[in-house]
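Under this note's numbering, the residues of the sequence shown are numbered 7 to 160, in order. Don't be surprised by glycine CBs; every beta carbon is placed ideally from N, CA and C.
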Amino acid sequence: MISTEDEEVKLIERISTAAARGQVEKWLIELETIMRKSIRKEVMLAIQAYPIKLRKVWVLEWPGQTILCVGKMYWTLRIEESMLFDVEGLKKYLEQCQTELNDIISLIRGKLSKQNRITLGDYRIFNLFSINDQLYLRTRLIFNSFRETNGLFP
């Protein structure tokens, strides 16, 4: 599969149009299923690579949507973990995120392919929003304004 931004994800299986005997809807359904499996595999591989690689290396190895998906997933996990340690946990993770953001900005300023520059630009924006969210959470924790709700509001 090749996106409009020229990102490529290889299909994990071949599709036999001959097996569908001319019925386009059959092989298109099969193609859609294989596309989902291929994307799922790509995301799973990125999830496995995330904790063992430096972020500035990891972001250059995966398609943009994979980076945003896995990055947000790990950000949520780290926020939950850091909240266990109250304000100090959030502060420490915020510092880590700011360091990683600076690394991404350094990469953007360097020599990159057009695709990597687009991907890192999107990832930079994701990081900026994440840092803003962390600052908000930290402020709320400091002022002890957290309260549990059941999700129903009048």
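- DSSP, read as helix, strand or coil, puts isoleucine 21 in coil.
- Shown here, glutamate 14 sits in a strand according to DSSP, grouped into three states.
- Put simply, of Leu100, Leu17 and Ile114 the residue whose alpha carbon is nearest the alpha carbon of serine 136 is Leu100.
- Between the C-alpha atoms of leucine 37 and leucine 74 there is a straight-line separation of about 24 angstroms.
- For glutamate 38, the uninterrupted alpha helix (DSSP H) run begins and ends at 30-55, by DSSP.
- Of the candidates Val93, Leu96 and Ile45, the residue whose Cα lies closest to the Cα of glutamine 71 is Ile45.
- The secondary-structure analysis by DSSP pairs isoleucine 8 across a beta bridge with Glu14.
- The segment 10-20 and the segment 118-125 touch, with three or more beta-carbon pairs separated by less than 8 angstroms.
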